[in-house]
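Asker:
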Ligand SMILES: [Zn+2]
Ligand SMILES: [Zn+2]
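Numbering (this note's numbering), first residue to last: 1 to 580.
1) Less than 6 Å separating the Cβ of residue 477 from some heavy atom of ligand 2?
2) Alpha carbon to alpha carbon, what distance is there between residue 211 and residue 566?
3) So who's on the other strand from residue 295, going by DSSP bridges?
4) Is it buried or exposed for residue 552, if we count other Cβ within 10 angstroms and need 16 for buried?
5) Look up residue 571 in the DSSP assignment and say whether it is helix, strand or coil.
6) Please go through the same chain and pick out, in chain order, the residues whose beta-carbon is closer than 7 Å to the beta-carbon of residue 28, but skip the five residues on each side of it.
7) Would you identify the three-state DSSP class for residue 423, choosing helix, strand or coil?
8) Quick one: grab the DSSP three-state call for residue 450.
9) How big is the Cα-Cα spacing for residue 256 and residue 574?
10) Rounded to a whole number of angstroms, what is the C-alpha to C-alpha distance between residue 153 and residue 461?
11) In this structure, does DSSP put residue 527 in helix, strand or coil?
12) Indicate whether the contact test is met: 3 or more Cβ pairs, each with one atom in the segment 83 to 97 and one in the segment 42 to 50, closer than 8 Å.
13) Tell me the DSSP secondary structure of residue 183 in three-state form.
14) Taking residue 343 and residue 451 to be in contact with their CB atoms under 8 Å, please state how far apart those CB atoms are, rounded to whole angstroms.
15) Does the beta-carbon of residue 323 have 16 or more other beta-carbons within 10 angstroms, so that it is buried, or is it exposed?
16) Rounded to whole angstroms, what is the Cα-Cα separation between residue 276 and residue 161?
17) For residue 312, collect the residues of the same chain with a Cβ closer than 6 Å to its Cβ; drop the 5 residues on either side in sequence, then sort them by chain order.
18) Throw me the rounded Cβ distance for the residue 514 and residue 492 pair, which I believe falls under 8 Å.
19) Please state whether the Cβ-Cβ distance between residue 483 and residue 258 is less than 7 Å.
20) Here's the rule I'm using: 16 or more other beta-carbon atoms within 10 Å means buried, otherwise exposed. How should residue 576 be labelled?
21) Report back the beta-carbon spacing between residue 109 and residue 247 to the nearest angstrom; my notes put them in contact at under 8 Å.
22) Looking only at C-alpha atoms, which of 523, 143 and 557 sits nearest to residue 52?
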């Protein structure tokens with residue numbers, strides 16, 4: 001475990017030298033796999049090949065789905081014949097395919113069919129009137145019959161001028177004859193109009209479920225429409241309007257959306273075993289062009305059901321089970337991240353000592369993570385607030401105590417409000433933090449209000465993680481924000497909020513470090529560092545071609561670097577429109 005992590009970071013340091021070698025005109029040695037035939041299926045040549053390992057290269061050859069040679073032009077061009085597809089990169093850059101470290105593939109598919117209520121730059125909602133108008137328009141354009149459910153996703157109270165959630169009264173203005181449910185951008189809150197509340201029997205007598213809150217009109221027991229965390233379960237989920245056939249079609253399209261951002265390995269988190277069986281069946285009939293790693297949602301399973309979950313060592317048709325995911329708390333932008341110290345500003349009406357709450361029984365987590373690690377099943381745990389992170393780490397520590405450390409690579413998903421002392425324990429225990437590093441841009445200004453500047457500035461502390469030599473990843477948690485990796489890299493490097501404030505300047509990563517987290521680091525998180533994450537002989541021929549070299553451009557331009565083409569297993573899976 002320890003040797004793995006230091007090896008990865010060492011490689012990362014070595015690769016920094018690449019531009020120096022290139023400048024010196026040093027001709028790299030070609031590296032060929034032993035049995036490499038002389039004819040390549042695909043060859044890239046160019047001056048901006050970012051291998052993410054310690055090799056310098058100006059050309060790459062692919063045979064089948066593998067990288068067969070990495071080296072100089074002359075050496076690689078000797079492998080070219082009339083059947084070889086030849087790509088002269090010119091000013092473009094070639095990188096290993098990007099790896100999605102955390103997100104919800106099916107959610108991206110489902111959301112693409114629902115009413116988008118996001119605020120800029122993703123969508124257009126600036127105030128509650130915009131949301132009301134968008135719902136009315138959706139009903140009209142789609143001819144939604146009275147009585148049929150209208151589902152909107154992605155609204156963000158922190159970006160609406162009113163700085164509050166749309167409630168039942170607001171949504172009643174959109175329609176009183178259609179039940180309306182809208183989901184907060186965090187996925188941790190929903191809001192419903194009066195008809196929806198009535199249809200699902202939510203009223204004065206509805207009690208708060210464990211791990212959730214039915215918000216009430218001030219001073220009464222009357223629900224105001226907003227549901228937090230597990231209380232969202234009283235309303236239908238986002239999949240309710242997507243039938244099976246449409247769902248599978250949308251998933252195929254979603255794989256293309258990911259590929260358009262250079263992603264060749266996708267995460268499908270929080271799913272059921274029966275869903276994964278169906279997904280594998282689909283993959284058997286028509287393999288997915290990119291890889292999809294699924295994680296079974298552990299929270300709702302009984303001990304017996306959990307005991308039956310196992311993980312796959314290999315993909316079939318592009319799909320495998322990676323392990324089990326738990327959710328331990330809420331989200332900082334929803335002000336439901338479970339903290340050890342009070343919020344500077346909590347949700348409306350809470351006490352001054354508000355710290356939010358766990359969304360899962362801590363003892364159940366401890367006992368279950370122990371059993372899973374014992375069986376060698378990889379574990380992810382969603383933990384945003386430092387108290388939830390403490391629980392995540394405690395569970396791992398208790399489970400491993402007195403044992404020789406297995407290569408478990410348990411992942412803290414989000415890890416946003418992790419503390420310095422917790423990073424030390426993460427290092428010691430071989431835990432991998434996967435930061436929701438898109439936050440400083442999307443909600444950085446909001447976090448300053450919620451947590452104060454000290455805590456907000458240390459959110460997703462990538463640099464403190466690198467200093468400790470801890471393998472780490474960053475993610476978009478799509479569909480919460482789009483699976484745009486170059487924007488994620490840009491935010492990880494710049495940490496600029498929407499208002500232009502630099503949130504925690506000392507936690508800004510270098511471009512190379514940010515690229516590491518979406519390639520090598522993510523491959524490590526998935527136990528796939530021998531297969532993916534760098535342009536290295538023998539690894540999978542997964543690549544992304546970028547418009548320009550991210551290592552040499554102005555870092556403020558990173559988010560504008562377009563994906564030109566994406567290759568998975570040696571085949572083109574996305575090509576920019578209008579490309580000749
Ligand atoms: Zn999460
Ligand atoms: Zn998630």
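For each residue, glycine too, the CB sits at the ideal point set by N, CA and C.
Answerer: Let's see:
1) The residue labelled residue 477 in the question sits at position 477 within the chain shown. It does: the Cβ of residue 477 is within 6 Å (strictly closer) of some heavy atom of ligand 2.
2) If you number the chain shown from 1, residue 566 lands on position 566. If you number the chain shown from 1, residue 211 lands on position 211. If you draw a straight line from the Cα of residue 566 to the Cα of residue 211, it is about 42 Å long.
3) Counting from 1 along the chain shown, the entry for residue 295 is found at position 295. Answer by DSSP bridge pairing, in chain order: 269 and 323.
4) Mapped onto the chain shown, residue 552 falls at position 552. Answer is exposed; the Cβ neighbour count stays below 16.
5) Here residue 571 refers to the residue found at position 571 when the chain shown is read from its first residue. Residue state, collapsed to three classes: strand.
6) As a first step, residue 28 must be located in the chain shown, where it is residue number 28. Any reading at residue 28 must be qualified, since the residue scores a pLDDT of 43, below 50, and its modelled position is unreliable; no value is offered.
7) In the chain shown, counting from the first residue as 1, residue 423 sits at position 423. If DSSP states are grouped into helix, strand and coil, residue 423 belongs with the helices.
8) Indexing the chain shown from 1 puts residue 450 at position 450. Three-state DSSP puts residue 450 in a helix.
9) Here residue 256 is taken as the residue at index 256 of the chain shown, counted from 1. Here residue 574 is taken as the residue at index 574 of the chain shown, counted from 1. Roughly 7 Å separates the two Cα atoms.
10) Position 153 of the chain shown, counted from the first residue, corresponds to residue 153. Position 461 of the chain shown, counted from the first residue, corresponds to residue 461. Each residue's Cα considered, the two are about 29 Å apart.
11) By 1-based counting over the chain shown, the position of residue 527 is 527. Under the three-state reduction of DSSP, residue 527 is assigned to coil, being neither helix nor strand.
12) With contact defined as three or more Cβ pairs closer than 8 Å, the segment 83 to 97 and the segment 42 to 50 are in contact.
13) Position 183 of the chain shown, counted from the start, is the residue given in the question as residue 183. It is a strand residue.
14) Here residue 343 corresponds to residue number 343 of the chain shown, with the count starting at 1. Here residue 451 corresponds to residue number 451 of the chain shown, with the count starting at 1. The pair is a contact, with the Cβ atoms about 7 Å apart (cut-off 8 Å).
15) Within the chain shown, residue 323 is the residue found at index 323, counting from 1. Buried, because 16 or more other Cβ atoms sit within 10 Å of the Cβ of residue 323.
16) The residue you call residue 276 lines up with position 276 of the chain shown. The residue you call residue 161 lines up with position 161 of the chain shown. Rounded to the nearest whole angstrom, the CA to CA distance from residue 276 to residue 161 is 41 Å.
17) Sequence index remark: in the chain shown, residue 312 carries index 312 (1-based). So the qualifying residues of the chain are 320 and 321.
18) As a first step, residue 514 must be located in the chain shown, where it is residue number 514. As a first step, residue 492 must be located in the chain shown, where it is residue number 492. Confirmed, about 4 Å.
19) For the purposes of this step, residue 483 is identified with residue 483 of the chain shown, where counting begins at 1. For the purposes of this step, residue 258 is identified with residue 258 of the chain shown, where counting begins at 1. For residue 483 and residue 258, yes; Cβs fall inside 7 Å.
20) Reading the chain shown from its first residue, position 576 is the one you call residue 576. Classification for residue 576: exposed.
21) Within the chain shown, numbered from 1, the residue matching residue 109 stands at position 109. Within the chain shown, numbered from 1, the residue matching residue 247 stands at position 247. That belief holds up - the Cβ atoms of residue 109 and residue 247 are roughly 7 Å apart, short of 8 Å.
22) For the purposes of this step, residue 52 is taken as residue 52 along the chain shown, with counting starting at 1. Ranking 523, 143 and 557 by Cα distance to residue 52 puts 523 first.
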